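Numbering (the numbering used here), first residue to last: 138 to 287. No residue lacks a Cβ here, since even glycine has one placed at the ideal position from N, Cα and C. Computed from a prediction, not measured in an experiment: that's the story for all the values here. What follows is a single structure, written as structure tokens, with notes after it.
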DNA sequence: GCCAACGTTGGC
DNA sequence: GCCAACGTTGGC
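Next comes the structure, spelled out in structure tokens:
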């Protein structure tokens, strides 16, 4: 079992939205690295840290898990969608997603500022300068440490 | 709102 | 294949 972190802007889709929906197809990912991780590396049951970005207090806010095998992101074929990709071939879809299922909301937000102060987390991808990946792997040791801060 | 960092696009 | 221009991300 592997561990991941996904970013979401709470104005667009928050942990409370996921708590309400219980499960959500993680659509709209238009970055090849992130797509490759969903397509090639995620397995049903993998753990996911849910992270709020571009907000007053960015940080880890909940736990989810991977809830489906990878499949084609339907929004790429929908001309009405902001994620529409006219260059994607329906016979060979460019964008792949998985479903995410709600597990729980943390008792508190664990803020980015706090994670940055922890030496043992200094090599986390999330904390690397200029990191813009919206999906990234998390080491088990980092996963355990972050959740121990709750 | 600013701006650094990055990924993608497209001309050559 | 290079690289400048551009758009986006995301913290502050």
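C-alpha gap between residue i and residue j, whole angstroms
{"i": "residue 323", "j": "residue 258", "result": "The requested residue 323 is not part of the displayed model; the chain covers only 138 to 287."}
{"i": "residue 120", "j": "residue 240", "result": "Shown here, the chain extends from 138 to 287; a query on residue 120 therefore has no answer."}
{"i": "residue 177", "j": "residue 235", "result": "11 angstroms"}
{"i": "residue 282", "j": "residue 268", "result": "21 angstroms"}
{"i": "residue 216", "j": "residue 138", "result": "37 angstroms"}
{"i": "residue 232", "j": "residue 163", "result": "11 angstroms"}
{"i": "residue 160", "j": "residue 208", "result": "15 angstroms"}
{"i": "residue 287", "j": "residue 218", "result": "37 angstroms"}
{"i": "residue 255", "j": "residue 182", "result": "28 angstroms"}
{"i": "residue 184", "j": "residue 165", "result": "20 angstroms"}
{"i": "residue 202", "j": "residue 285", "result": "18 angstroms"}
{"i": "residue 171", "j": "residue 280", "result": "19 angstroms"}
Residue i versus the options, residue with shortest Cα-Cα distance
{"i": "residue 204", "options": "227, 180, 224 and 138", "result": "180"}
{"i": "residue 200", "options": "144, 169, 186 and 213", "result": "186"}
{"i": "residue 175", "options": "146, 276, 227 and 210", "result": "210"}
{"i": "residue 214", "options": "227, 202 and 207", "result": "227"}
{"i": "residue 261", "options": "238, 150 and 276", "result": "276"}
{"i": "residue 212", "options": "230, 188 and 202", "result": "230"}
{"i": "residue 188", "options": "152, 206 and 173", "result": "152"}
{"i": "residue 154", "options": "237, 250, 251 and 169", "result": "237"}
Three-state class that DSSP yields for residue i in the structure shown
{"i": "residue 145", "result": "strand"}
{"i": "residue 206", "result": "coil"}
{"i": "residue 174", "result": "helix"}
{"i": "residue 283", "result": "helix"}
{"i": "residue 155", "result": "helix"}
{"i": "residue 272", "result": "strand"}
{"i": "residue 278", "result": "helix"}
{"i": "residue 201", "result": "strand"}
| query | Is there contact between the segment 190-203 and the segment 243-251, where contact requires at least three CB pairs shorter than 8 angstroms? | reply | yes
| task | Would you be able to state if there are at least three C-beta pairs under 8 angstroms between the segment 217-236 and the segment 260-275? | result | No, the segment 260-275 is not in contact with the segment 217-236.
| task | Can you check the segment 206-254 for any alpha helix (DSSP H) of at least 4 residues that lies completely inside it and give the ranges in chain order? | result | 249-253
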